[in-house]
Each structure stands twice: as structure tokens, then as C-alpha cells.
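Chains as they are written, first to last, in my numbering: chain A, 165 to 477; chain B, 872 to 1399. What follows is a single structure, written as C-alpha cells, with notes after it.
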Amino acid sequence: MWGYLGRRVLSTIPVVLIVAVLIFMMLRLTPGDPASVIAGDAATTADVEEIRAKLGLSGSIFSQFFIWIGHAMQGDFGESFFYKKTVASLIADRLEPTLALSTLTIILATVIAVPLGTLAAYKQGSWLDRGVMGLSVAGFSVPVFVIGYVLIYVFALKLGWFPVQGYQRLSDGFWGFLHRLILPSFALAIVFIALLARMTRTSVLEVLNEDYVRTARAKGLPNLKVLVFHALRNAAVPIVTVIGISVATLLGGVVVTESVFNIPGLGRLTVDAVLARDYPTVQAVILLFSLAYVFINLVIDVLYTVLDPRIRY
Amino acid sequence: MRLPSLAKGTLLAAAVLTATLAAVPAQAQQNTLKVVMHSDLKIVDPIWTTAYITRNHGYMIYDTLFAMDDKGEIKPQMVDKYSVSADNLTWTFTLRDGLMFHDDKPVTAEDAVASIKRWAQKDSLGQKMNSFVKEWKVVDAKTFTASLSSPTGLMLLALGKPSSNVPFIMPKRIAETSPNEQIKEYIGSGPFVFKTDEWKPGDKTVYTKFTKYKPRAEPPSGMAGGKVAKVDRVEWRAIPDGQTAVNAVLAGEVDMVEDVKSELLPVVAKDPNIKMFDQNPLGNQYVLRFNTIHKPFDDPKVRQAMFYALNQEDFLKAVHGDAKYYKLCKALFICGTPLATDKGMEGKLESNFKKSRELLAEAKYDGTPVVLLHSTDLAVLTNLAPVAKSLMERGGFKVDMQSMDWQSVVARRAKKDAPNAGGWNAFLTSWVAADVLNPVGTAFLNSSCEKALFGWPCDPEMEKLRDQFARETDPAKQKAIAEQVQLRYLEVPTHVHLGQWYRPVALRKNVDGLLASPVVVFWNVEKK
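Dropping the structure here:
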């Protein structure tokens, strides 16, 4: 196991290096010039050239890459072209909102979808099953920004139960933090509830027909116990995989929800940086996302061994 | 109808939870003004960039020597008194008493001179004005002079310039930073203090009242007069989504939205708790810029044809819809301002396609496609290029419209490559009207070939006229020169002006005192 973990950690090095090369080259090949953006409308060509030199963009792409990667390997991701703040501090500021939003979303999705999917499987063919699957299709079909605006209209503007927008840091009080996160998390969770409920239903249906479930029932165990300890546990591997992939997707994919609910997270930082061609910020954020993907996949693999003792590395 | 007990219990729990969460102690917010500006503040050096949001930040924390009032006249601001010698070659300025920087140090003439020098290296109007100055000299702690090589009418126009780059006054040690490097300290002498520790890019920018600021005694007028801060704290909230910003002001979570999208204006305007305020009566001006170094716009006659192919209303209607948010204006230097004139505009900008085709035939236009850059991500620009394409095609042009985000347009327009090799022929943009009030300030009129802005027009006659305007001190004669500039612009066009547009600010009804001015400023604003 430890050998496996060591090999997996080592395997992240080429992955991150390839991501680094790709993102660096793609950014440089994308039309757009941060120096022109900074210089503004009234700048002359000479002004733009001077700013480009100050930003370190006048050398060849290769020399720029080696300077950047050299610093990055020492943990120095440089300074944002625009904010005059270190990229590390910008990311640190934006990490908490995105992590908080993603975590609450996954908790909501899991707490709602797994029981619903399990019940749907248990009551296969009933109105409950059809209802859950119908809602699941609806959850997939409605874009998250539509759900967001509808929730804001009903629960914030009309009922006044929640704020329209904004984020409060955890250090400024737990209730305020939670109050502002409920609507965006729920809006974001709906698609994951749909996905997880379907996946759970399918997995549980498969194991419900297994011999060991029949045996458990034959022993006279209550239905709840059979469902939770025999069926659900054995159906957990694909469910955990989906939850893990959802976490990874959420980290980089919450930009729409962050915009609709005005949450200053990593998604918005990435979009702003891409639109402004803030190369150091984009490069660092994408590297962070790739590391997060690798780490989450590793955690999922380890969880497999916990949930299914037959799996060994 | 009786609710099942489970449903009742759930509703009760939800109500209790919501009440608990909503009862989170709020900060005392009565004297904090929360505002959604048109953009997030990214760059904090108003001399290093011309970005309007950075200019607005400048007005929060810095002060200016002169300022433009609501009649467009330049009035002293930090300056107590000034004089000009009989030969118009020496200007003497004396600062007001009691001016302090936010670090508790007094504002001196040395600070003012250093700040002017840095600004004059970056700003085009500043450069022009400074080309007449032989020497800036500090006389004493409060007095400085400018010795000129020849008289100019630009001194006050430049020092009282309301829009980017604004000659803000900084401490000498900061103003000595190269103009092509960003400053690292943000100390001004304006009515608000920048809270760097609370600045979270992408989230909020915070300013607090500078209690030692000494406002002028005159009532506020435009950018001029007494700058009295009536709120303790101003927070600029970054809300990039237009719908969310509107929702926030409707719910009372913010007090003001500077830039409400056209399609949302009716929603906001009908809310009883909101008032709309036309804060910038001068508005903004749309323009189509030519690249004059490539075919077909290297021929002035082809450029003249555009004045016949295009009309203003189609552009304005396509973006703003409601006629109360735009104005047709044939005057190059903004309708309602001293230099505005319709001279030479008869029959132009009325989509006379026949005349456009005739001019193209005279110019022997060979059907070379016009590469028209189309910005797709800024709501106030997105609809312009498709309108231009349609009108140009009806006027006899072939058009190759290429769509991209605004930053790609910004990068592409700086390229002199041939249009079919990554260059361009035309693009559309917008200027704040305050930036285009005279021939020298209007950057697109600069026709100094290589030194001109992208598009690189080359016209010695136009430069001669702009130089005459810069030297002229008599307003009546300046007006006459401005008319000649407009006529020359129609003969050898550098761009096409496509009308004025306005964007009212949305305010909660308890917010009062916002001033009508070219820039949104927060002195005199109070919450009731």
C-alpha cells in the first residue's frame, strides 16, 4: 500500500510538468496581450513595448518558460500582472470560498441523493422511484444559472430568507458564513443530486439481487439494516467514484455559480485572469487544479480499499 | 386545510433556522456606502494606466490642482490662487493652506511639481502642454511656477483634465517612480483613505473618510468645489454579473449600481425603492476607428465614404434601445459643450448608400474586404460591429467581420500587420465624452503617423491645426480652430463618431447628494 502511494505521488510529477508546459504554451499562443490591456486606449506602441519589457514578456517563449518553471519549482508563482499582489496571496484569498462552496455542495448532494437513490432502488417501479428519476432528469436539464436566479428570486427577493449575493468568511462568524452559502450550494448541488441519485439507484439495484442480500433477508434482518449495511456498503465504490469526480469538477467548475451569487472564489479568479491575460495567475491556478485532481483521485483509490477489502494495491 | 404534522414540523424548523441565520449581528451600516462600480479595481496607479476604474479610485484618494465644474469650466481645487504673466510665459500657482497627505505630512509645491512631471510623461494632453514648459520651479513650500517657451491655452485644460490620465497629486517620493512602473504606496491627500489591508481584488475595495481633509468653501459643482465626505466608509463591491448587481440593489444589499445593463434598466427603474440618476450628463461617444496604413482605408476618399454609409441611430438603438439613453449628435466635440459644431456634417451620417457607392467608385475601391474586429464580451460594444457590417455592405464595402473577446481586440489593434495576416482595418469602441472635448484631448485625432495611436493616421495639416489650438489662449479663436479641425477630420478622417449614449446610475432612495459629473465621485454623498 505505502509503495503504491509513493508511486502515485511520484507519478504526479510528470503530470504536473506536462500541464505546466501545455498551459504555458497555450496561453502564449492565445491572442491577446497583457501589456496592451494595461497600457489602455491612449497608449502608443512604444508605451506598450515598454510595459511588455517590464512584465518580462519581451524575451523568447522558451526563456520565459524556463524562468517561470524555475521559480515555480521553488514555490514562487510570481506576481499578478494587474493586482501587484503575489499570485500565492491571491489564490489563498480565493481558496476558502471555493472550498466552502464545494464542500457544502457535496455534503448536500450526498445527504440528499444517496438516501433518495437507495429508496428509489428499494421501491423500484413505484411512484417514488419514478418521481426521483423524473426529478433527476429535470436536475440534469436545467442550467445552474437558471436554478440560481430562480432561487434568488423566490428565497432572497420575494421571501427575504437569504441574502441575494456575497460571501462571509468563516472567521467572521459561522452562521453568517452558512447563511450566505445555503442558496448557492443548493443551486449547485441540484445537478450532483441528480447524478448521484441515479448512480446510487443503479448500484443498489445491482446488489439487491445478490445472494448475500437474499441471505441477509433470510436471516430475518430488518429492511433498513439490509439496505444500509449490506446493499449500500457494497454499492459504495461507484458512488464514491462519482462523489470524488464531483469534488474535482466543483473545484474548477463553480464559476457560473460564483458569478450568479457573487462569491469571490477560484473560478472567478480564473476567468478574470484569462480575460485579462494575467499569465502568472492563470498558470498557477491551472497547476493547482491539476494537483487537486491528482490528489482527489488518489484519495478515491485509497477509499476503495476501505470500502471493499478485496481491493488491494 | 390542515398540514400534515411532518410538513408543519419541517416548515417550523426552516423558519426557525432562517430566523436564526438572518439574525446574525450586522455591522453598523448606516454610514457605510456600498457601491457596485462598473468594474473591479485591479490596478491602483492612475498614472500607469488609463483604465476608468483606476481613475475613479484616484478621485477617491488623491486631490487635483484644478477641476472641471458642472459648466465645463476649470476651477482651482488644491490651488488657492494662480496668475499668469502679461506675456503669458510664466504661470504661478499657490497651494491652499492646510492640505495634508494621509500620512499626516503637508502637501508641498515639491509634491505638486513631481506629480505633474510624472503625469506629463504619460498623458497625451499632459505631454502636449508640457512641450511648452521650459521649467517647473519650486519657489517655496506652497508656491511653484511654470516658465513657458511660448504661450499655450492648454495649461488649465490639462491640469483640470477630468478623465484619464488625471494629474493627481502624490507625495514627491512616490511621484518620483518611473511612469512606466506602478507605484507601491497609495498615499493621497483626497477626501478618502484607501484601506490596503481590506482590499480584496475580485471582492471589495474599501475607503474610509479622511478626517483631516480640508474641503474648499465653495459648494460642490461637477468635479470642483468643496469635497465634503459625508459617509465614514465607502465599499466598492465587485459584482461582475449584471443581474446579480441589480438583484443586490433591489434587495438593499448595496446602495448603488453604477452601470446597469440596458436590458435591466426598466426592471430597476420601476422599483419604488430605487431612483435613477443621470450622473454623467455629457455621456459617452461611440467611434469607429480606421487603420489608415492598409487598403482600403489608406485612401481618405474610402474613409469619407463611411460617413455616408453609416448613421448614428442604428448603432445607438442596437445597443441601448430606448431613445432616452442616447442622443444623435453630429458634433465631433460632444453636443452641448463649448466646441460643439455641426459644420461640414450636412448630409453625413444619414446612410446615403448611393453617395457612399459613388465615392467608392471614385476611389476605385477594388472590393478588398474590410477586416472589422467584433468585440463579443462587453455589452455596450457587442452589437456595434454587426450593425457596421450591415451598413457598410449596403454602402458598397465588402466586410470580413471577425469576432473575439475585447482583450483580443486590444492586442490585435496594436498590430501593424496586413489585415489578412493578423492585422485589422477597423474596430468600434467608446470614449467617455470628457475625453473628447477638444482637438488636443481627442486622442484619435492625433495624426502624427508612427507616434499616433493604433490606426496610425498621418496628416501634417491636422497636426498643424492641433498645434495652433494648443498655442491659442483666446476661447473664441480656439472655437474657430476646433471648427477647422472638424472640417479637416471630415476630409482626412481618422475615425467616425457614432453618437452619444448615457447610462443612469441606480441608487437606493435613501442615498442623496451624488453629483452630476463626468466621473462618479463620492464626496457629498450621504445615506439618510
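C-beta atoms are modelled at their ideal positions from N, C-alpha and C, and glycine is treated no differently.
With a cut-off of 8 Å, does the C-beta of residue i fall near any C-beta of chain B?
i, result
"Pro327 of chain A", "yes"
"Asn461 of chain A", "no"
"Glu214 of chain A", "yes"
"Ile276 of chain A", "no"
"Val251 of chain A", "no"
"Leu200 of chain A", "Here residue 200 of chain A turns out to be Ser, not Leu, going by the sequence shown. So, interface residue."
"Phe453 of chain A", "no"
"Leu345 of chain A", "no"
"Leu369 of chain A", "no"
"Val283 of chain A", "For the sequence presented, residue 283 of chain A should be read as Leu rather than Val. Judged by the 8 Å Cβ criterion, Leu283 of chain A is not in contact with chain B."
"Thr469 of chain A", "no"
"Leu433 of chain A", "yes"
Counting only beta-carbon atoms, is residue i nearer than 8 Å to chain A?
i, result
"Leu877 of chain B", "Since pLDDT at Leu877 of chain B reaches only 42, below the 50 mark, its modelled position is unreliable, and no value is offered."
"Met1275 of chain B", "yes"
"Pro1062 of chain B", "no"
"Arg1283 of chain B", "yes"
"Thr1163 of chain B", "no"
"Thr889 of chain B", "Here the model assigns Thr889 of chain B a pLDDT of 48, short of 50, so the residue's position is not dependable, and the following value carries that caveat. Yes, its Cβ sits closer than 8 Å to a Cβ of chain A."
"Asn1118 of chain B", "yes"
"Leu1136 of chain B", "no"
If we count the other Cβ atoms within 10 Å of its Cβ and call it buried at 16 or more, is residue i buried or exposed?
i, result
"Val1139 of chain B", "buried"
"Val314 of chain A", "exposed"
"Met949 of chain B", "buried"
"Ile177 of chain A", "exposed"
"Ile357 of chain A", "buried"
"Ala1341 of chain B", "buried"
"Ser349 of chain A", "buried"
"Val301 of chain A", "exposed"
"Val915 of chain B", "buried"
"Met363 of chain A", "buried"
"Ala437 of chain A", "buried"
"Trp919 of chain B", "buried"
"Trp291 of chain A", "exposed"
"Pro1090 of chain B", "exposed"
Given that residue i touches chain A, what residues does it touch there, using C-beta distances under 8 Å?
i, result
"Asp1074 of chain B", "Asp257, Tyr331 and Pro428"
"Glu1124 of chain B", "Pro327, Val328, Gln329 and Gly330"
"Asn1051 of chain B", "Asp211, Glu214, Ile215 and Lys218"
"Leu1400 of chain B", "The requested residue 1400 of chain B does not occur in the structure, where chain B is confined to residues 872 to 1399."
For the alpha helix (DSSP H) containing residue i, name the first residue and the last one.
i, result
"Phe459 of chain A", "Tyr443 to Leu471"
"Asp951 of chain B", "Premise fails: Asp951 of chain B lies in the beta strand (DSSP E), Val950 to Val955, not in any alpha helix (DSSP H)."
"Pro947 of chain B", "Not the alpha helix (DSSP H): Pro947 of chain B falls in the beta strand (DSSP E), residues Ile945 to Pro947."
"His1191 of chain B", "Gln1183 to His1191"
"Ile1145 of chain B", "That residue, Ile1145 of chain B, is in no alpha helix (DSSP H); its beta strand (DSSP E) goes Ile1145 to Phe1148."
"Ala285 of chain A", "Val251 to Tyr286"
"Asp1271 of chain B", "Where Asp1271 of chain B is concerned, there is no enclosing alpha helix (DSSP H), although the beta strand (DSSP E) it sits in stretches over Val1270 to Met1275."
At a CB-CB cut-off below 9 Å, which residues of chain A make contact with residue i?
i, result
"Lys1013 of chain B", "Residues of chain A passing the Cβ test: none, with the nearest at roughly 32 Å."
"Leu1378 of chain B", "Chain A residues near Leu1378 of chain B: none, gap ~17 Å exceeds 9 Å."
"Thr1239 of chain B", "Those within 9 Å of Thr1239 of chain B in chain A number zero; the least Cβ separation is about 23 Å."
"Leu1121 of chain B", "Leu321 and Val328"
Which chain A residues are close to residue i, counting only those with a beta carbon under 7 Å from its beta carbon?
i, result
"Ser1279 of chain B", "Pro195 and Gly196"
"Ala1046 of chain B", "Those do not exist, as Ala1046 of chain B stays about 17 Å from chain A at its closest Cβ, beyond 7 Å."
"Lys1071 of chain B", "Asp257 and Pro428"
Find the residues of chain B that neighbour residue i, judging by a C-beta separation of less than 9 Å, and give them in chain order.
i, result
"Val164 of chain A", "Limits of chain A in this structure are 165 at one end and 477 at the other, which puts residue 164 of chain A out of reach."
"Leu254 of chain A", "Pro1072 and Gly1073"
I want to verify the contact list: residues of chain B whose CB lies under 7 Å from the CB of residue i, in sequence order.
i, result
"Thr208 of chain A", "Lys1322 and Leu1324"
"Phe246 of chain A", "Lys913 and Ile914"
Which chain C residues sit within Cβ distance under 9 Å of residue i?
i, result
"Leu1153 of chain B", "The structure shown has no chain C; the protein chains it does contain are A and B."
If you follow the beta strand (DSSP E) that residue i is in, where does it begin and where does it stop?
i, result
"His1245 of chain B", "Val1241 to Ser1246"
"Gln505 of chain A", "Lying outside 165 to 477, the shown extent of chain A, residue 505 of chain A is not represented and no answer is given."
"Phe1204 of chain B", "Phe1204 of chain B -> no beta strand (DSSP E), and no H or E assigned at all."
Under 7 Å (Cβ pairs) to chain A, residues found in the stretch 1309–1331 of chain B: Ala1314, Lys1322 and Leu1324
Cβ-based contacts, 7 Å cut-off: residues of the stretch 435–450 of chain A near chain B: Asp436, Leu439, Ala440 and Arg441
Residues from the stretch 184–198 of chain A in contact with chain B, defined by Cβ distance under 7 Å: Pro195, Gly196 and Asp197
Members of the stretch 293–325 of chain A that neighbour chain B once the beta carbon cut-off is set at 7 Å: Tyr313, Ile316, Ala320, Leu321 and Trp325
Residues in the stretch 902–913 of chain B having any Cβ partner in chain A nearer than 8 Å: Correct list: Asp911 and Lys913.
Residues, ordered as in the chain, of the stretch 219–244 of chain A that lie near chain B by beta-carbon distance below 9 Å: So the list reads Ser244, given in the order they occur along the chain.
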